[in-house]
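Report on the structure given below.
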């Protein structure tokens, strides 16, 4: 699989990758994760016919996208969808490497265990599970189920992406302890964690607020504080993905895209990587913004291939800025990892 930007030819493509690539690649490749209800009737066909060419990762949702009374029906739909995709691969209708990363968002650990038991014969096309409202009340059981699943899959790793969205994190009085507890809970399963995700809308709901099309989530002060605390706690060890943007439409039209690009710029500036998508039109926009600026790419290469035995600081390759070996190394590693997946922008003044 490879990221190709059809709406613009301003990027040098990244390298090929697949569901079986190393986790250090996959954690960046998740990118624009498209959420869709597991009951969607044409998911299998859309994937097998590659209806949305930009789609590289998808979440089949059994949780908030499904009403409680339809939970059992949604599971049946999920089983049917996964089996149809697997059958298409078996019959040669689509190559397994062309299937997007498939994640299943469950409601609770017992559903996760049950879903895997139903689908374990098809786990080659399942990348992992999304664990909503991950906190001290369920972390132990989620970890137990995840380790049990991986004990049955041999060399094939089934990943997890916990979502931080609980009230204990929203509440400033309990936030630090709650976040520290979540981080501690992840230590035993860190090898299986691709991303830590953030439930922006759940946090907004706690305070009865919502951004409009002309604002970013960072404009809501109380939510901004939560997001920054999450980044502070987790981003040094994990890739943290940014909250969903609620507006969509046809690509290249309307305020929704300008608003999304504005928020993506702030996501990147604050250390988030990737973003939840709720409509196919959002996917290429998110992916394009994840491609690396050429000036950043050239400086990152220089920083990680430092030539001077005397100086620890140099001028930027294409931009007048300071590159300092001791303080910009982690940034450079991140830039090259992103470039390896999403490519390098080649337009502009560079």
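Numbering (the working numbering), first residue to last: 30 to 379. Just so it is clear, CB atoms sit at the ideal spot from N, CA and C, and this is done for glycine as well.
Among all the DSSP beta bridges, which residues are the ones paired with residue i?
| i | result |
| --- | --- |
| residue 157 | 132, 188 |
| residue 233 | DSSP lists no partner for residue 233. |
| residue 108 | Residue 108 pairs with nothing; no bridge assigned. |
| residue 63 | 87, 306 |
| residue 113 | DSSP, once it has assigned bridges, lists no residue as partnering residue 113. |
| residue 358 | The partner list for residue 358 (beta bridge, DSSP) is empty, contrary to what the question assumes. |
| residue 224 | 268 |
| residue 321 | 373 |
Does the beta-carbon distance from residue i to residue j come in below 7 Å?
| i | j | result |
| --- | --- | --- |
| residue 354 | residue 321 | no |
| residue 114 | residue 175 | no |
| residue 199 | residue 235 | yes |
| residue 450 | residue 347 | Here the chain comprises residues numbered 30 to 379, so residue 450 is not present and cannot be evaluated. |
| residue 306 | residue 61 | yes |
| residue 59 | residue 91 | no |
| residue 142 | residue 190 | no |
| residue 223 | residue 56 | yes |
| residue 298 | residue 329 | no |
| residue 277 | residue 311 | yes |
| residue 171 | residue 138 | yes |
| residue 133 | residue 89 | yes |
| residue 291 | residue 245 | yes |
| residue 247 | residue 241 | no |
| residue 145 | residue 178 | yes |
Assuming residue i and residue j make a contact with CB atoms under 8 Å, what is their CB distance in whole Å?
| i | j | result |
| --- | --- | --- |
| residue 110 | residue 130 | Their Cβ separation, rounded to whole angstroms, is 15 Å, which puts residue 110 and residue 130 out of contact at 8 Å. |
| residue 95 | residue 67 | 7 Å |
| residue 269 | residue 289 | Their Cβ separation, rounded to whole angstroms, is 18 Å, which puts residue 269 and residue 289 out of contact at 8 Å. |
| residue 44 | residue 345 | 25 Å between Cβ atoms; not a contact. |
| residue 86 | residue 63 | 7 Å |
| residue 326 | residue 356 | Contact doesn't hold; Cβ gap of about 19 Å is too wide. |
| residue 197 | residue 162 | The pair is not a contact, with the Cβ atoms about 10 Å apart (cut-off 8 Å). |
Report the residue from the options whose alpha carbon sits nearest the alpha carbon of residue i.
| i | options | result |
| --- | --- | --- |
| residue 54 | 333, 302, 72 | 302 |
| residue 285 | 243, 160, 328 | 243 |
| residue 363 | 124, 349, 319, 335 | 319 |
| residue 74 | 85, 327, 122 | 122 |
| residue 52 | 249, 71, 221, 103 | 221 |
| residue 264 | 117, 359, 163 | 359 |
| residue 116 | 151, 133, 100, 295 | 151 |
| residue 201 | 238, 183, 251, 153 | 251 |
| residue 164 | 267, 145, 214 | 214 |
| residue 267 | 238, 216, 149 | 216 |
| residue 22 | 106, 78, 271 | Outside the displayed span of the chain (30 to 379) sits residue 22, for which this structure offers no information. |
| residue 149 | 180, 208, 375, 237 | 180 |
| residue 296 | 274, 279, 233 | 274 |
Worksheet item: Unbroken alpha helix (DSSP H) runs of length 4 or more, entirely within the region 169-214: which are they?
Response: 196-199
Item to complete: Could you tell me which uninterrupted alpha helix (DSSP H) segments, each at least 4 residues in length, are contained entirely in the region 261-318, listed from first to last along the chain?
Response: 283-299
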